[in-house]
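In our numbering, the protein residues as written are 1182 to 1832.
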């Protein structure tokens, strides 16, 4: 990369005012002051909506920001950024939040964007930019210098970045760096367990796992250091397998020398329901889906990796990648990385699981290592007992509405959950806590493994697992902060449309909100215990003469086929049928705006148990987030309500 950077073209300010956006696209230039307030929380769903992610190469340059919302408008159309000659994007806080899709920075890069200036960045998004060669900075004085015509040294874009990241940026990206690095095999890796010896610095569980997986060229690592760690499991799903393989082959040749291919997993889950998806059928997108699927299946066919595919004769998959990772693969103390921001799901088992971009995963397939920054840890201590009808989802929505989280104060941190309420939770419920660290902005979530973990592994997987003494945080370990929560004070929660952080206690909703769609499912809410919750509400409803009203549709989607088998064995399916439920086989479906349960028009109102409700996430309508209890109760009522409120109204 050049030693100096000059601004040779235009700056696009992502303003809250759609008129400012439209004026820029028409050729008018603005300053930070004249552009007005910048948009915060620009998500990857807005940079590259799922309906445009049907290619994994430079053709993505047609689409950056086509889902970007200013006011109530979507002012940026196809090819607008490229045709406008923009080279710099400027935005507010938490830029690039949401999905880990590397499609977003690749689309920006392919449209001509070379620098992004924002008040803060989400971790995975910024790391993806580093990996593919987009510069980023939170220093707006650098932008001022560029606008003044100054040639700014590359060092200005390396400030505050760890030494490894600086090397990667200087190399022009991760794969360019990787070709000249040394990648020892696990057999050549020395154990770092000595760091746990008596007298060693007290450490958190996440820090201990990193220590035990460090690249042997790194004797020890301090918080904030960039490191490579050996990954026990590396996975991709059908949206990104083709992109990962494309990048891998471009860097390492074809066939590429995969490291431990039996610990690489290819999941076919995100696109399996596309033939039932409104925009994919309506807009002729299925050939593009077929293109992505071919990239996925050819990789799993050409290499001896593990694979979970589509069902025979029925729309759906074996299961959603995160749920299957917990059901079949991840173990306490391990490292797992995948092409999805909800990879922390498996942290419920006490492993270090985190999302990474396509370049990171491609590199890990060949080297066995994945890059991360040794993170700080935030302790979430949940004491007391949750009220009846209050779930882990309500806990997360409660956390998301806190100012410290909404402002991005937890970006890149490990969320270590503990306390009496967490110890009382099942692994399924703990998985909701760790899964939604993606929405909280953290690096990952983790729960110390205990006897519940051991019992889960035995019951679900037949694994006789023995906990080891090191698998817990040390007394005296250093935390960035500790948040104390009284479990009994948490009410059933909602998140208003637009962002998971728009939390409001459901009993305090000031007006009735009629719903058209209720959806229960996704990796967050398609587990066994989630279906226990759906069934509890719907059984009560059926016993009291209730069913889903005609104007409302309730979709329940299994997270895995094992969850469906569990529901059948428990006798849940007849109750669902009598209540008026539409059952959907496993897949990401409407959560990724790609299957049953998505909205059809902007007037549709949905209440959903998924993890995020960014604009366009599940269709053009408004999406409220809630727990499985509240979703099922609202479906029976035809309006947003809690289970407790439903029982009072019909008791």
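Virtual Cβ for every residue (Gly too), placed ideally from N, Cα, C.
All values derive from a computational prediction rather than experimental measurement.
Taking the CA atoms as reference points, residue 1183 sits about 22 angstroms from residue 1271.
Annotation for residue 1667: the continuous beta strand (DSSP E) segment containing it runs 1662-1667. A straight line joining the alpha-carbon of residue 1622 with that of residue 1726 spans about 43 angstroms.
Straight-line measurement puts the Cα of residue 1476 at about 32 angstroms from the Cα of residue 1265. In the three-state reduction of the DSSP assignment, residue 1294 falls in the coil class. Along the segment 1262-1286, the beta strand (DSSP E) occurs as fully enclosed runs of 3 or more residues at 1267-1272, listed in sequence order. Beta-bridge analysis with DSSP links residue 1578 to no other residue. In the assembly as shown, residue 1692 is an exposed residue. Its beta-carbon has fewer than 16 other beta-carbons within 10 Å. Take residue 1817, set aside five residues on each side of it, and the residues of its chain with a beta-carbon closer than 6 angstroms to its own are 1722 and 1727, in chain order. Shortest Cα-Cα distance from residue 1558 to any of 1234, 1279 and 1658 involves 1658. For residue 1770, DSSP assigns no beta-bridge partner whatsoever.
For residue 1603, the enclosing alpha helix (DSSP H) starts and ends at 1601-1604. As the crow flies, the alpha-carbon of residue 1700 is around 10 angstroms from that of residue 1805. Taking a contact to require three or more Cβ pairs closer than 8 angstroms, the segment 1426-1442 and the segment 1536-1543 qualify as touching. At a Cβ-Cβ threshold of 8 angstroms, residue 1709 and residue 1736 do not count as neighbours. The DSSP-derived three-state label of residue 1821 is coil. Listed in chain order, the beta strand (DSSP E) elements of length 3 or more contained wholly in the segment 1477-1505 are 1487-1489.
Here the C-alpha atom of residue 1713 lies approximately 12 angstroms from the C-alpha atom of residue 1750. Counting every other CB atom within 10 Å of its CB across the protein chains shown gives residue 1312 a total of 16 or more, marking it as buried. C-alpha of residue 1620 to C-alpha of residue 1221: approximately 14 angstroms in a straight line. One Cα belongs to residue 1340, the other to residue 1299, and the distance between them is close to 15 angstroms. Cβ neighbours of residue 1663 within its own chain (closer than 7 angstroms, five residues either side excluded): 1560 and 1562.
Secondary structure of residue 1725 (DSSP, three-state): coil. Per DSSP, reduced to three states, the secondary structure at residue 1625 is strand. Of the candidates 1455, 1682, 1821 and 1769, the residue whose Cα lies closest to the Cα of residue 1581 is 1682. If the five residues before and after residue 1774 are omitted, its C-beta is found closer than 8 angstroms to the C-beta atoms of 1230, 1231, 1232, 1458, 1460, 1797, 1798, 1799 and 1800, all from its own chain and listed in chain order. Within the segment 1370-1435, complete alpha helix (DSSP H) segments of at least 4 residues are found at 1386-1394 and 1422-1433, given in chain order. For residue 1695 and residue 1821, the gap between their C-alpha atoms comes out near 7 angstroms. Excluding five sequence positions before and after residue 1471, none of the CB atoms of its chain fall closer than 6 angstroms to its own CB. In this structure residue 1420 touches residue 1451 by the C-beta definition: roughly 5 angstroms separates them, less than 8 angstroms. DSSP, reduced to helix, strand and coil, places residue 1340 outside both helices and strands of the structure shown, so it counts as coil. Collapsing the DSSP output to three states places residue 1739 in coil.
The beta carbon of residue 1503 sits closer than 6 angstroms to those of 1523, 1526 and 1704, all from its chain and outside the five residues before and after it, given in chain order.
With distances taken between CA atoms, residue 1435 lies nearest to 1547 out of 1676, 1547, 1454 and 1357. Secondary structure note for residue 1704: its alpha helix (DSSP H) is the uninterrupted segment 1703-1706. Among the bridge pairs identified by DSSP, residue 1675 is matched with 1685 and 1807.
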